[in-house]
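Here's the structure, in structure tokens; my notes come after.
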Amino acid sequence: MARISGVNLPPRKRIEYGLTYVYGIGLKSSQDILTALSIDYSTRVKDLSDQEVFSIQKKVTDEYTTEGDLRKEVLMAIKRLQEIGSYRGLRHKKGLPTRGQRTKTNARTRKGPRRAGSAVAMKKKVTK
């Protein structure tokens, strides 16, 4: 079982995609790491030798910010925006999209599910 930056990689996946399970490493970073270490992309995680796993681990820890450190960095950046009172910080506080997307419709991912009993839903039906 390959363990990199505290994350167990799925054994049946190709190493190219398995490395993306580490927070902070995407597909491009994964491909760059494997190219630098001359490891074939199509190799399965379970087929990696201990030496290859060690070399990947060393490359990731030396050149990339991953997992806990990266999460802490992102949270600190958001906290800084909120403390200085910037527009983006206020949007983060309110739980709304921060990059200019429309919120009249859509934006359900950030806003959460629709609440029952909103003003539009409570309008009285016209009776004849």
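Under my numbering, the letters of the sequence shown match residues 1 to 128, in that order.
Using N, Cα and C, we set each Cβ at its ideal position, and we do this for glycine too.
All values derive from a computational prediction rather than experimental measurement.
Pair within 8 Å by beta-carbon distance, residue i and residue j
i   : j   : result
I39 : L19 : no
P10 : V45 : yes
R12 : S42 : no
I4  : I78 : no
Status (buried if at least 16 other CB within 10 Å, exposed otherwise) for residue i
i    : result
I84  : exposed
L37  : exposed
L48  : buried
A2   : buried
V126 : exposed
T66  : buried
Contact set for residue i: own chain, Cβ-Cβ below 7 Å, skip 5 residues either direction
i   : result
S30 : E16, L19, T20
Residue i CB to nearest heavy atom of the ligand FMN below 7 Å
i   : result
G26 : This structure lacks the ligand FMN, and indeed carries no ligand of any kind.
6 Å CB neighbourhood of residue i in its chain, flanking five on each side removed
i   : result
G89 : L81, Q82
Below-8 Å beta-carbon distance, residue i vs any chain C residue
i   : result
L27 : In the displayed structure, chain C is absent; only one protein chain is listed.
Candidates the options: closest to residue i by CA position
i   : options              : result
K93 : R110, E63, T61, K104 : R110
- Query: Is the region 54-74 in contact with the region 22-30, if contact means three or more CB pairs nearer than 8 Å?
  - Reply: yes
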